[in-house]
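Residue numbers (the numbering used here): 5 to 457. Beta carbons: idealized from backbone N, C-alpha and C, even for Gly. Report on the following structure.
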Amino acid sequence: MTKRNSKGPRGPKIVAIPPGPKSKAALSRKEKFITNGVRVALPIDVTWAEGPFVRDSDGNVYVDLGGGIGVQTVGHRPRSVIRAAKAQLDRLTHISFMVATYGPVLDLAERMADIAPPGLTKSIFLNSGSEAIENAVKVARAATKKAWLVSFKTAFHGRTLLDISLTGKEKPYREGFGPLVREVLLADYADPYRDPQGRAPADVAKARVEELDRLINQPEVAGRVAAILAEPVQGEGGMIVPPKEFFPLLRRLCDQYGIVLIDDEVQAGAGRTGKMWAIENWSTVPDVLVSGKAIGGGLPFGGVTGKPAVMDAPGPGGLGGTFGGNPVVCAAALEAVDEIEKALPGTKRLEARIRKRLDEMAEGHERIGEARGIGAMWALEFVKDPRTKEPDVDLALAVQTAGLKNGLILLTAGFYNNCIRLLPPINIPIPLMDTALDLLADSLDMAVAGKGR
Ligand SMILES: Cc1ncc(COP(=O)(O)O)c(C=O)c1O
């Protein structure tokens, strides 16, 4: 468990119903000076965070089940990460890896080769998951000399123009930003809950990959596909856990046609599912693995790690960026990886606890269409009617609002925006997780009773 300040809080504490006056004032400054294009999910202004706790400027303390969108996998500000970043600040903050080598990048690259799936030994480091996806696609195109890309309608791969071309969710990601990259095919992910024919998971996986096979063999595309990009568990899409057959079948398809399999582990990777990489759950080795979020330990990070034959395809100078592989970030990341490794054994117990409680909630509420997840990434998907599965966006928002009043930071997710997702630290103390789950159940009751908003 991350060591916490002895003066730190022991649980959530609400002293001013959120948003309190200081948070309200911050929100009005946001309205005035920050573009409307950036939406802030919660009406609170945060001043401090440690381990699983976050405090707002009105003095409220929350249990953070969002982790800054899946970043704080070992809690906020793990001591070793902060110590390493501070020490690095005193030595070298920036020279650019395109100018000279320096230790922290090389150490992190070596560490990534060590922890990555077998054969993925070469890396480049960037400043965000979005940028890392761009680079993964560049190496795949350079290696295959092919143009087309395949991803999934319910996927999320980031915010750049290429990245939004790789996602199917029109609003808010794509609307108004076209034209997008044309050479992209969007396929259906293997999501048993929303399979129109309600087939068994293994059959859904098989059917989806057969569809993909047909898709990539249509006239303009056949023989011209560079890469398939897939999240091993879809995060923004609503914690969609594919059937175990899906990734091995994708791997087979890629091998058959010489397509690069890009594994987007930005959200699901780095310990989140109970393994270092989520794709390990599916016994599949990708060609390229994209990392981000948690690896930076709270600092901005994106990484691409892959097989040398793919990673070395671009010409010298073809990849790079002024800040990619920043020394402070890499020094922090080395410690973050250690902390994640240390915390991994505890995730089984945490997973069992969350699964049990969410299943109980789902049994008691017919508007929970499905409770699903793996490790420490979970979602409750809300529907108006369990038979029609019509998404219930309002209920998800009402649970989020009620949660805040109860001292929980909850994020929404889902292709239809109708999920509450849980991304607690994997080292959260079990009694605190139990408290948070009690508060979640209470928030759901409040929301259903119309007291959430
Ligand atoms: C699976 C996945 N890929 C890529 C990204 C983009 O990462 P970033 O927001 O760091 O650019 C995200 C962000 O949520 C993500 O979940």
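Within the same chain, show all residues whose beta-carbon is closer than 6 Å to that of residue i, passing over the 5 residues directly before and after it, in chain order.
i, result
"Gly414", "Rather than Gly, the amino acid found at residue 414 in this sequence is Leu. Counting only Cβ-Cβ distances below 6 Å, and skipping sequence neighbours, we find Leu69, Gln404, Gly407, Ile424."
"Lys360", "none"
"Leu401", "none"
"Ala366", "Ile372, Ala375"
"Arg212", "Asp192, Ala194"
"Gly72", "none"
"Pro108", "Pro331, Cys334, Ala335"
"Ala53", "His80"
"Asp62", "Ala20, Gly24, Lys26, Ser27"
"Leu441", "Arg361"
Under the three-state reduction of DSSP, which class applies to residue i: helix, strand or coil?
i, result
"Ser287", "coil"
"Pro108", "helix"
"Gln4", "An answer regarding residue 4 cannot be provided, because it is not within the stretch 5 to 457 covered by the chain."
"Gly296", "strand"
"Ala445", "helix"
"Met243", "coil"
"Val42", "coil"
"Ala231", "strand"
"Arg14", "coil"
"Arg198", "helix"
"Phe251", "helix"
"Asp94", "coil"
"Leu219", "helix"
"Lys309", "Looking at the sequence provided, one finds Thr at residue 309 rather than Lys. Residue state, collapsed to three classes: strand."
"Ile21", "coil"
"Thr6", "Because the pLDDT of Thr6 is 39, which lies under 50, any placement of that residue in the model is unreliable, and the number read from its coordinates should be weighed accordingly. Correct three-state label for Thr6: coil."
"Phe156", "strand"
"Ile430", "coil"
"Asp389", "coil"
"Leu257", "helix"
"Pro331", "helix"
"Val188", "strand"
"Ile413", "strand"
"Ile358", "helix"
"Arg353", "helix"
"Val103", "coil"
"Ile4", "For the chain, the structure presents residues 5 to 457; residue 4 sits outside this window and is missing."
"Leu323", "coil"
"Ile263", "coil"
"Asp363", "helix"
"Thr277", "coil"
"Tyr177", "helix"
Tell me which same chain residues have a C-beta within less than 7 Å of the C-beta of residue i, skipping the five on either side of it?
i, result
"Gly324", "Met102"
"Pro205", "Pro196, Pro247"
"Met5", "Residue placement at Met5 is flagged as unreliable, the pLDDT there being 38, under the threshold of 50; the coordinate-derived value follows with that caveat. Taken in chain order, the residues that qualify are Asn431, Pro433."
"Glu1", "No information on residue 1 is available, as it lies outside the stretch 5 to 457 that the chain covers here."
"Gly79", "Thr6, Gly55, Pro56, Pro429, Asn431"
"Arg255", "Leu265, Thr288"
"Val141", "Leu153, Leu166, Ala231"
"Gln238", "Thr158, Ala159, Tyr193, Ile244"
What does the Cβ neighbour count give for residue i, buried or exposed, with the cut at 16 atoms within 10 Å?
i, result
"Phe250", "buried"
"Thr392", "exposed"
"Asn131", "buried"
"Phe419", "buried"
"Gly172", "buried"
"Ala356", "exposed"
"Gly242", "buried"
"Gly385", "The question names Gly, yet the displayed sequence has Glu at residue 385. By the neighbour-count rule (16 or more Cβ atoms within 10 Å), Glu385 is buried."
"Asn330", "buried"
"Ser32", "exposed"
"Gln222", "exposed"
"Ala104", "exposed"
"Asn9", "Low confidence applies here, because Asn9 scores a pLDDT of 49, under 50, leaving its location unreliable; read the following figure in that light. When all chains shown are included, Asn9 counts as exposed."
"Asn40", "exposed"
"Leu14", "The sequence given here places Arg at residue 14; Leu does not occur at that position. Exposed: under 16 other Cβ atoms inside 10 Å."
"Phe181", "exposed"
"Lys311", "buried"
With which residues is residue i paired in a DSSP beta bridge?
i, result
"Arg376", "Ala383"
"Val458", "With the chain covering only 5 through 457, there is no way to say anything about residue 458."
"Lys126", "Gly310"
"His80", "Gly55"
"Asp398", "Paired residue(s): none; Asp398 is not in a bridge."
"Ile424", "Leu384, Thr416"
"Asp167", "Answer is none; Asp167 lacks a bridge partner."
"Asp268", "Val294"
Excluding the 5 residues preceding and the 5 following residue i in the sequence, name in chain order all residues of the same chain whose CB lies nearer than 8 Å to its CB.
i, result
"Asp217", "Leu257"
"Leu348", "Gly275, Gly278, Lys279, Met280, Ile430"
"Gly300", "Val75, Val333, Ala336, Ala337, Ala340"
"Leu96", "Tyr106, Pro331"
Is residue i close to ligand 3? I mean its beta-carbon at under 7 Å from any heavy atom of the ligand.
i, result
"Glu235", "No copy of ligand 3 appears in this structure; the ligands present are ligand 1."
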